[in-house]
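Structure first, then comments.
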Amino acid sequence: MAKKAHPPIHPGEILLEEFLEPMELSQYRLAKDISVPARRINEIVHGKRGITADTALRLSRYFGTSERFWLNLQIRHDLEVEKQRLKGRLVREVTVLKEAG
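Quick note: the sequence shown uses the numbering used here, first residue 22, plus one each step.
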């Protein structure tokens with residue numbers, strides 16, 4: 022039986038479900054407290070925008086996490102999206118380097 026691919030989890034989902042909701046913080050309050058436009062937080066939460074280094078630094082300071090936590094969430098998401106998009110193309114399009122000898 023084939024394994025059904027689940028959509029990758031966007032960092033905005035983590036931000037919303039693991040931080041904003043449990044802490045009863047609004048998107049607007051977070052945006053104001055970290056000095057970014059409210060639209061940025063809204064787009065991240067809705068998966069329409071990724072987490073940049075700037076945003077990761079601000080979130081990490083605010084929540085007491087590491088900036089790598091936020092960037093790793095974004096990188097993991099981006100890699101999973103690309104894996105699903107490319108599927109078998111990598112095998113067909115990229116040859117493996119063979120050592121001389």
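C-beta: ideal position from N, C-alpha, C; glycine also.
| Asked | Found |
| --- | --- |
| C-beta atoms of Gly71 and Gln48 nearer than 8 Å | no |
| DSSP-derived helix/strand/coil call for Leu111 | helix |
| Buried versus exposed, by CB contacts within 10 Å (16 or more), Leu51 | buried |
| Sequence-distant residues of the same chain with beta carbon closer than 6 Å to Ser87, five excluded per side | Ser81 |
| Rounded Cβ spacing between Arg79 and Ile55 (contact assumed at less than 8 Å) | 4 Å |
| Pro32 in three-state terms, based on DSSP | helix |
| Pro29 vs Ile65 beta-carbon contact at 8 Å | no |
| Under the three-state DSSP convention, the category Thr76 falls into | helix |
| CA nearest to the CA of Leu40, picked from Phe84, Arg60, Pro58, Asp75 | Checking the displayed sequence, the identity of residue 40 turns out to be Phe instead of Leu. It is Phe84 whose Cα lies nearest to the Cα of Phe40. |
| Straight-line Cα distance separating Thr76 from Ile35 | 14 Å |
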